[in-house]
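Below you'll find the structure, written out as structure tokens, and then a few comments.
Numbering (the working numbering), first residue to last: 22 to 598.
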């Protein structure tokens with residue numbers, strides 16, 4: 022399928038511009054459509070400083086403007102008295118579009134009369150048509166001269182009538198903003214056929230879905246134009262719904278766009294709904310699942326409960342690491358509906374992130390291409406949560422800490438290997454920038470420290486330590502004082518290491534010193550880009566099958582954790598690993 026780009030209308034978030042821009046980047050959009058008719062971003066409020074500020078923000082978030090919306094409402098261009106100010110205002114919007122770096126202005130022009138040349142029709146229809154053509158020719162001539170196209174949004178009339186109007190206008194400065202839902206909701210016509218009818222006129226699209234009931238576009242658009250829309254019960258006429266839940270046949274529709282050679286923006290527009298962010302995120306994920314040269318891989322989350330830091334942040338981390346939209350977090354299951362003492366249910370989590378809730382691990386495994394077993398703070402649940410995923414043959418990442426005993430780790434590895442299931446488990450600190458260039462040769466001692474407690478955070482110090490020094494730890498001893506837990510590790514070859522935990526007070530971060538046999542020391546004062554690098558590696562594993570943490574090393578780390586938990590009970594006494 023053609024490589025479309027995904028955009029969102031920032032106004033659909035119902036937030037101030039800068040917040041909406043941040044949300045657009047957060048949901049994984051590549052561009053935005055900017056409403057410039059009134060409000061904070063009104064076209065005539067843009068001086069050079071404001072243009073520069075907007076362009077700087079776009080660059081900061083990695084976004085472009087797919088189009089600006091210059092729809093001045095009312096009856097479009099049907100009335101000459103309105104056109105007296107709308108035409109110069111539209112030209113000013115075209116100028117702003119150029120300054121902001123886009124070539125498309127979307128607009129509504131009114132309702133194209135059914136047959137303005139028919140003498141049986143009212144004179145007003147002929148006059149309206151004449152006014153619309155004249156206005157569009159003047160605006161189109163100017164737009165074309167500055168490299169801009171005004172894109173008429175579909176909806177008030179069937180595609181055939183709109184095409185005939187555009188043929189009559191005959192301007193390089195006018196095209197079509199294809200809104201498939203408007204055709205479904207207002208004219209009751211087929212958006213797929215409309216794509217083929219309008220063809221090369223299409224320069225921009227809206228991604229929207231809906232259902233139509235009473236088809237009377239003139240009545241609906243007249244109410245919008247003249248006010249009193251509150252007197253019209255819109256739900257009797259049409260219903261806008263989240264993407265994929267209406268009557269737009271998206272597979273055939275996107276195929277039609279591909280057939281005519283369109284490869285521009287599918288811009289999500291959401292004009293209703295109680296939670297616009299959730300609906301927009303769902304729409305973006307829906308589009309990601311439909312487009313691209315490669316099949317989008319669907320990731321499934323399996324967790325003890327979903328209100329935990331990893332589950333709450335991994336969806337955004339994955340979007341950040343996947344600019345080509347190759348992956349989407351599509352499914353989630355939690356053993357507990359709510360974290361003990363927590364606030365967010367599984368339904369609320371799924372709504373927040375635009376993810377489909379599954380009622381069982383079996384359902385997640387069946388529907389997903391890749392699996393993430395989470396429960397990072399309750400690793401005792403990994404044995405049960407991993408049973409079906411490690412039998413699935415699909416790539417599985419098991420979040421830290423893999424297991425609390427060496428034997429459980431061995432049995433989980435055996436389960437995966439016997440079922441030819443590729444998997445790995447790791448601390449994100451394994452992927453720190455600083456470890457990529459640090460030499461392992463000649464290290465005789467490491468002194469490491471970090472936040473948290475041994476039971477849940479030992480993995481983050483042990484993973485780098487054993488990566489660098491090897492996994493042959495023979496015994497451990499607890500040497501901490503009270504709640505400040507420290508552990509000595511002795512390796513089979515006589516080398517040693519010390520790790521210390523300082524709880525959650527004082528802002529202690531992960532750092533360590535590596536000491537070499539030649540007397541040199543290398544201090545690592547921080548561990549950088551751990552999660553971005555880890556997520557990129559996890560996605561590469563899902564893509565290629567490359568395992569980033571050897572199973573025997575993972576088992577060895579779990580053996581040290583098991584011995585360390587025993588050693589905490591008998592400080593000052595060596596405990597065999």
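C-beta: ideal position from N, C-alpha, C; glycine also.
Nothing here was measured: the structure is a model prediction, and the numbers come from that model.
Report the start-end ranges of each beta strand (DSSP E) in the stretch 533-584 that is 3 residues or longer and not cut off at the edges. Uninterrupted beta strand (DSSP E) stretches at least 3 residues long and entirely within the stretch 533-584 occur at 542-545, given in chain order.
With residue 99 and residue 131 assumed to form a contact (beta carbons below 8 Å), what rounded beta-carbon distance in angstroms separates them? About 4 Å separates the CB atoms of residue 99 and residue 131; that is less than 8 Å, so the two are in contact.
Which residue spans inside the stretch 316-369 form an unbroken beta strand (DSSP E) run of at least 3? 318-324, 348-355, all fully within the stretch 316-369.
Residue(s) in a DSSP beta bridge with residue 228: Looking at the DSSP output, residue 228 shares a beta bridge with 289.
Close Cβ partners of residue 657 (< 7 Å) along its chain, the five nearest in sequence each way excluded: As shown, the chain starts at 22 and ends at 598. That puts residue 657 outside it, with no answer to give.
Can you tell me whether residue 166 is helix, strand or coil according to DSSP? In this structure, residue 166 counts as helix in the three-state DSSP scheme.
Is the number of C-beta pairs between the stretch 384-391 and the stretch 528-544 that are closer than 8 Å three or more? The stretch 384-391, when compared against the stretch 528-544, does not touch it at the 8 Å Cβ threshold.
CB of residue 93 within 7 Å of CB of residue 71, strictly: Residue 71 is positioned such that its CB atom lies no closer than 7 Å to that of residue 93.
Using beta-carbon positions only, say whether residue 82 and residue 117 come within less than 7 Å of one another. Against a cut-off of 7 Å, the Cβ pair of residue 117 and residue 82 comes out as no contact.
Contacting residues, own chain, Cβ-Cβ under 8 Å from residue 424 (five flanking each side not counted): By the criterion of a C-beta distance shorter than 8 Å, residue 424 is surrounded in its chain by 400, 403, 404, 430, 433, 579, once the five residues flanking it on both sides are discounted.
Quick one: what does DSSP say residue 107 is sitting in, helix, strand or coil? In the three-state scheme derived from DSSP, where H, G and I count as helix and E and B as strand, residue 107 is classed as helix.
For residue 498, which three-state DSSP category applies? Strand at residue 498.
Quick one, are the C-beta atoms of residue 125 and residue 88 less than 7 Å apart? Against a cut-off of 7 Å, the Cβ pair of residue 88 and residue 125 comes out as a contact.
Quick one, are the C-beta atoms of residue 508 and residue 494 less than 7 Å apart? No.
Could you spell out where the alpha helix (DSSP H) holding residue 132 opens and where it closes? In the DSSP assignment, residue 132 falls outside any alpha helix (DSSP H), carrying neither H nor E.
Beta-carbon separation of residue 301 and residue 85 under 7 Å? No, they are not a contact pair.
Who are the near neighbours of residue 196 in its chain, counting only those whose CB is closer than 6 Å to its CB and skipping five residues on each side? Excluding the 5 residues flanking it on each side, residue 196 has same chain C-beta neighbours closer than 6 Å at 170, 172, 222, 224, in chain order.
Could you name each continuous beta strand (DSSP E) segment of 3 residues or more that falls completely within the stretch 452-497, going from the start of the chain to the end? 464-471, all fully within the stretch 452-497.
Whether or not the stretch 314-328 and the stretch 278-295 are in contact is what I'm after, with contact meaning three or more pairs of Cβ atoms, one per stretch, closer than 8 Å; do they touch? Between the stretch 278-295 and the stretch 314-328 there are fewer than three C-beta pairs closer than 8 Å, too few to call the two in contact.
Can you say whether residue 151 is buried or exposed, counting buried as having 16 or more other CB atoms within 10 angstroms of its CB? Sixteen is the threshold: since fewer than 16 other Cβ atoms of the shown chains lie within 10 Å of the Cβ of residue 151, the residue is exposed.
Is residue 470 closer than 7 Å to residue 549 when the C-beta atoms are compared? The answer is no: Cβ separation not under 7 Å.
Which class does residue 591 belong to by DSSP, given the choice of helix, strand or coil? Assigned with DSSP and collapsed to three states, residue 591 falls in coil, not helix or strand.
Cutoff 8 Å; reference residue 516; Cβ partners in own chain excluding five residues on either side: Here the set comprises 464, 465, 466, 490.
Suppose contacts are defined by Cβ-Cβ distances below 7 Å. Is residue 445 in contact with residue 569 by that definition? Yes; because the gap between Cβ atoms is below 7 Å, this pair is in contact.
Got a sec? Which residues, its chain only, sit under 8 Å from residue 338 by beta carbon, not counting five neighbours each side? The beta carbon of residue 338 sits closer than 8 Å to the beta carbons of 552, 553, 556 from its chain, once the five residues preceding and following it are set aside; these are given in chain order.
Residue of 34, 440, 26 minimising C-alpha distance to residue 296: With distances taken between CA atoms, residue 296 lies nearest to 34 out of 34, 440, 26.
Classify residue 73: buried if its beta carbon has 16 or more other beta carbons within 10 angstroms, exposed otherwise. Its Cβ having fewer than 16 others within 10 Å, residue 73 is exposed.
Selected residue, minimal CA-CA separation from residue 219, among 340, 199, 440: Of the residues 340, 199, 440, the one whose Cα lies closest to the Cα of residue 219 is 199.
Where do the N-terminal and C-terminal ends of the beta strand (DSSP E) with residue 56 fall, by residue? It spans 52-56 - the beta strand (DSSP E) in which residue 56 sits, taken as one unbroken run.
So, at 6 Å on beta carbons, what are the nonlocal neighbours of residue 360 in its own chain, with the 5 sequence-adjacent residues on each side left out? Counting only residues of its own chain and dropping the five nearest sequence neighbours on each side, residue 360 has a CB closer than 6 Å to the CB of 326, 328.
Residue span of the alpha helix (DSSP H) that contains residue 38, given as start and end: Element bounds for residue 38: 38-47.
Buried or exposed, going by whether 16 or more other CB atoms sit within 10 Å of the CB of residue 478? So residue 478 ends up on the buried side.
Can you have a look at residue 280 and say buried or exposed, based on whether 16 or more other CB atoms are within 10 angstroms of its CB? Of the other Cβ atoms in all chains shown, fewer than 16 fall within 10 Å of the Cβ of residue 280; this residue is therefore exposed.
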